[in-house]
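Taking the working numbering, I'd label the letters of the sequence shown as residues 124 to 209. We put the beta carbon where it would ideally sit given N, CA and C, even for glycine. Written out below as structure tokens is the structure these notes cover.
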Amino acid sequence: MARALTPETRIKKARALIEDARKIEKPQSVGWAFFSYTANVKDNLRKAFELVKLINHSPATPEDVKADARAVIEEISQAEKEILGK
Numbered sequence: 124m125a126r127a128l129t130p131e132t133r134i135k136k137a138r139a140l141i142e143d144a145r146k147i148e149k150p151q152s153v154g155w156a157f158f159s160y161t162a163n164v165k166d167n168l169r170k171a172f173e174l175v176k177l178i179n180h181s182p183a184t185p186e187d188v189k190a191d192a193r194a195v196i197e198e199i200s201q202a203e204k205e206i207l208g209k
């Protein structure tokens, strides 16, 4: 059975996924390539959110780590607005 990730590790991996989403090349066309681009960006951001969404509800997690998790959730929404222009 796989070991559970610590909250700190989850936050690091989530931030790495956000950076990966920013590094995906934006296509020049507006057709299927753009659809695929949007799907890949949203998938990376969704994975990042899934990693950190429950950290705030854990009673054993220190408050500073919970604050980092809240910051990452905010970064995810900002990254989506920056990358996809929503």
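Cut-off 7 Å between Cβ atoms - residues of its own chain near residue i, not counting five sequence neighbours on either side
i: P150; result: A156, F157, Y160
Span separating the alpha-carbon of residue i from that of residue j
i: D166; j: D191; result: 21 Å
i: I147; j: P182; result: 36 Å
i: E205; j: I141; result: 11 Å
i: R145; j: L128; result: 24 Å
i: S200; j: G208; result: 11 Å
i: H180; j: R169; result: 18 Å
Beta-carbon contacts of residue i that lie in its chain and below 6 Å, excluding the five residues immediately before and after
i: P130; result: I178, T184, V188
i: A137; result: A171, L174, V175, V195
i: D143; result: N167
Residue range of the alpha helix (DSSP H) that includes residue i
i: K165; result: 155 to 175
i: A194; result: 186 to 207
Simplified DSSP assignment, three categories, for residue i
i: I132; result: Reading the sequence as shown, one finds Thr at residue 132 and not Ile. Residue state, collapsed to three classes: helix.
i: I120; result: Limits of the chain in this structure are 124 at one end and 209 at the other, which puts residue 120 out of reach.
i: A137; result: helix
Below-7 Å beta-carbon distance, residue i vs any chain B residue
i: V195; result: Here there is only one protein chain, and chain B is not present.
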